[in-house]
Amino acid sequence: MCGIVGYIGARQAKPILLNSLAHLEYRGYDSCGIAVLGAGLEVYKEAVRVQALEKILPKNIDGKIGIGHTRWATHGEPSQVNAHPHCDCTGKIAVVHNGVINNFQKLRQQLTGEGHKFLSETDTEVIPHLIEKYYDGDLEKAVAMALREVEGSYAIVVMVADEPKLVVARKDSPLIIGLGDRENFVASDVPAILDYTNRVVYLEDDDLGVITPEDIKVSHGGRVVGREKHEISWSVEDAQKGGYAHFMLKEIHEQPKVIRDTIGGYASVTEPIASLAMPGDTLLPDVLILACGTSYHAALIGKHILGELLRVSVRTELASEFNYSGPISSKSRAIVITQSGETADSLKAIKRLKEAGCQVIVITNVVGSTASRIADQVIYTRAGPEISVAATKSFTAQLMALYWLALPYAKVDIRRLDSLVMGLRQLPSKVQQVLDNEAVVAEYARQLSKYENVFFIGRGINFPVALEGALKLKEISYLHAEGYAAGELKHGPFALLGSDTPVVAIFAQDNTYEAMLTNVKEVKARKSPVMALVEEGDEAVQEVADSVIALPQVDALFSPVVNTVALQLLAYHTAKERGCSIDFPRNLAKSVTVE
Ligand code: F6R
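Under our numbering, the very last position in the sequence shown is 1172; numbers go up by exactly one each time.
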């Protein structure tokens, strides 16, 4: 959701703001804008992408302090007036905001009654007007007073024409300060500022910061507090396309390395990566796994991994639904999976779990993210920055975390354990084999791109893979795709089958194989073209399916990894064939920081 940036220092702000915003576009990209303070405060914004804004900006915007925003619309359509920055009546105060102000209507009414004039439909616009109301030459004080009236979530950067400083604040939306040499940066997310610095300070909820070129001051509840400085290990190259046509393709191809890095990191320490056992208990507790979107599909696969290896009962829920569900047992071990560590529904679920006395393990890719800071234990994945809106490598890394989490407690004999560890270590080369077969998948994608509706089916540990394959296809190619448990197809969706509705069938060499084969025959009898993902050497499926993608042999427990990578390529090439905006699909954003 919305990306925000700020700069203060000795350099011209405009190019830095635009460059930082371009790196943040995965958070939202329906409009963007900047405000720069030179002789006066100048604001430029349009309902266009950052590159297009750059082209229409005057060349000579002179100023060394500035803020910027790239928007994912919540209140009001994408338009020039609704784009940020938003200003007060005097045009001297400018604000960029990420989050949602819940009581904006009441505040807007009040402020209108007091003579303030509003231009946009956004919730954000109440913030500059509230600050204006309290401003008497001290921006920090005015922001603090304004925020006392605001209910909701926010990360904001504020500037005023009369003071050479930026004031920042956060509550339930991420915000970091990047530390430079006599210059400082602000951003929602690390990739925005990697070109300039790798030293950052993560703000906590209810922090208020004042930033000048030489100094940052952070206060909390009116008291100045010290916030730890962190060094980011991600490099500038990690956040660039590196010669690939799209971030998504680069990230798909990075997966052998991501698996190696993630497993290698875990293997380098001798203790379990997190303790599943509850303190003082010898028996493993029930496990509850929560997540949203693609991470939820990793959770569903996790249910099979933990269930099979640990023989415990595992419950999975969408974090967004869990927040409306009944009582929570404090005896469960909870795992929350979130790539970004900032998904609003997942954060709400963590807070709810903790209030109920549950110990929460978070699996996340982002060091210092909100989820990592409120969890009891954190398992970091080592996927590097994921820029493409569609999650690929972060999903694979999440699976690695789940495998490695279960292994120390696995109730399997030593031979099976050894073979699983060996299988995990071989996964990078197995995934590489899938990637080497890209041309074949791309050819099938060309055929798939002609249809409008597609079903994905799988059973057992590969049912979530069907969900993930369908999600990936729909989000980037805009084809209507549904993931179904293969056994459920005949309970309704059969009515939709026919020669114009292909079915992608995902096989594994496990106890689901025969039933899947029967399902494919039933589908064929309804004339749907079938594309099957099978293990190399499989002949039975080949006889019935119209086309097959042959995948390297792996233990069935690892089949979701190779199957998903093939489906990522299928989605990518289908979207490419259809000329879609692959890295920035319409209406989406990478980090979903609103409920
Ligand atoms: C889909 C996708 C989303 C995310 C979801 C959760 O490709 O990326 O479905 O998986 O928004 O995000 P995180 O994992 O950051 O909580």
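In this text, a Cβ means the ideal position worked out from N, Cα and C, and glycines have one as well.
Distance cut-off 6 angstroms: residue i Cβ against heavy atoms of ligand 1
i, result
"serine 541", "The structure shown has nothing for residue 541, since the chain only spans 578 to 1172."
"glycine 1046", "no"
"glycine 961", "no"
"glycine 1060", "no"
"glutamine 916", "yes"
"serine 1124", "no"
"glutamate 664", "Residue identity differs from the one stated: residue 664 is cysteine in this sequence, not glutamate. Cysteine 664: no, Cβ never under 6 angstroms from ligand 1."
"valine 1121", "no"
"cysteine 869", "yes"
"valine 1169", "yes"
"serine 872", "yes"
"threonine 920", "yes"
"alanine 911", "no"
"alanine 967", "yes"
Spatial distance of residue i from residue j (CA atoms)
i, j, result
"arginine 648", "proline 655", "8 angstroms"
"lysine 1049", "arginine 1163", "13 angstroms"
"serine 1105", "threonine 1095", "14 angstroms"
"alanine 1152", "glutamate 828", "16 angstroms"
"histidine 661", "proline 1129", "49 angstroms"
"histidine 797", "alanine 746", "10 angstroms"
"glycine 870", "lysine 636", "42 angstroms"
"leucine 598", "glutamate 1112", "44 angstroms"
"alanine 732", "aspartate 749", "8 angstroms"
"arginine 1023", "aspartate 1077", "15 angstroms"
"phenylalanine 1161", "threonine 969", "14 angstroms"
"alanine 1092", "lysine 928", "41 angstroms"
"tyrosine 1181", "glycine 1114", "Residue 1181 lies beyond the range of the chain shown here (578 to 1172); nothing can be said about it."
"glutamate 602", "glutamate 698", "22 angstroms"
"histidine 652", "glutamate 1172", "13 angstroms"
"cysteine 609", "glycine 643", "14 angstroms"
"alanine 721", "leucine 785", "7 angstroms"
"cysteine 579", "aspartate 700", "13 angstroms"
"threonine 847", "aspartate 639", "55 angstroms"
"valine 889", "proline 862", "7 angstroms"
"cysteine 1184", "alanine 671", "Given that the chain is displayed from residue 578 to residue 1172, the structure contains no residue 1184 and the question cannot be resolved."
"phenylalanine 899", "alanine 911", "12 angstroms"
"aspartate 1087", "alanine 1133", "6 angstroms"
"leucine 887", "proline 1005", "25 angstroms"
"glutamate 1029", "valine 1017", "21 angstroms"
"aspartate 782", "threonine 947", "9 angstroms"
"histidine 674", "glycine 668", "17 angstroms"
"valine 787", "glycine 690", "31 angstroms"
"leucine 756", "isoleucine 882", "42 angstroms"
Bridge-paired residues (DSSP) for residue i
i, result
"cysteine 609", "Glu623 and Thr647"
"glutamate 808", "Arg776"
"phenylalanine 762", "Tyr584 and Gly755"
"leucine 618", "Leu614"
"serine 750", "Paired residues: none, contrary to the question."
"leucine 732", "The residue asked about is misnamed: residue 732 is alanine in this sequence, not leucine. Paired residue(s): Asn675 and Arg747."
"serine 796", "Leu785 and Val801"
"glutamine 954", "Ile938"
"isoleucine 642", "Ile585 and Leu614"
Can you confirm whether the segment 891 to 898 touches the segment 1056 to 1070 when touching is taken to mean that 3 or more C-beta pairs between the two stretches lie within less than 8 angstroms? no
Three CB pairs or more closer than 8 angstroms across the segment 625 to 635 and the segment 671 to 678: no
Would you call the segment 928 to 937 and the segment 899 to 913 in contact, with 3 or more CB pairs under 8 angstroms? yes
Report the start-end ranges of each beta strand (DSSP E) in the segment 1084 to 1113 that is 3 residues or longer and not cut off at the edges. Within the segment 1084 to 1113, the complete beta strand (DSSP E) runs of at least 3 residues fall at 1107 to 1112.
Inter-stretch contact at 8 angstroms, needing at least 3 Cβ pairs: the segment 872 to 885 / the segment 1033 to 1044: Under the Cβ criterion (8 angstroms, minimum of three pairs), the segment 872 to 885 counts as touching the segment 1033 to 1044.
Going along the chain, which unbroken runs of the beta strand (DSSP E) with 3 or more residues stay wholly within the segment 1029 to 1082? 1030 to 1035 and 1057 to 1062
Assess, as a yes-or-no matter, whether the segment 1020 to 1036 is touched by the segment 1081 to 1100 under the definition of 3 or more beta carbon pairs within less than 8 angstroms. yes
Can you give, in chain order, each stretch of the alpha helix (DSSP H) that sits fully within the segment 863 to 940 and has at least 4 residues? Taken in chain order, the complete alpha helix (DSSP H) segments of 4 residues or longer contained in the segment 863 to 940 are 870 to 887, 896 to 899 and 921 to 932.
Evaluate the contact criterion for the segment 1048 to 1062 versus the segment 1142 to 1150: three or more CB pairs, one atom per stretch, below 8 angstroms. yes
At least 3 beta-carbon pairs within less than 8 angstroms: the segment 581 to 601 vs the segment 758 to 766: Contact holds: three or more Cβ-Cβ distances are below 8 angstroms.
Spell out a yes or no on whether the segment 705 to 719 and the segment 732 to 741 are touching, meaning 3 or more CB-CB pairs, one atom from each, closer than 8 angstroms. yes
Just to confirm the assignment: which complete beta strand (DSSP E) runs, minimum length 3, are found wholly within the segment 1116 to 1147? 1124 to 1128
Flag this pair as touching only if the segment 938 to 956 and the segment 813 to 820 have three or more C-beta atom pairs under 8 angstroms; answer yes or no. no
Would you mind listing the alpha helix (DSSP H) stretches within the segment 662 to 729 that are 4+ residues and don't spill past its ends, in chain order? 681 to 690, 703 to 711 and 716 to 725
Are at least three pairs of beta-carbons, each pair with one atom in the segment 828 to 845 and one in the segment 971 to 983, less than 8 angstroms apart? yes
At 4 residues or longer, and completely inside the segment 956 to 998: list those alpha helix (DSSP H) runs for me, N to C. 970 to 983
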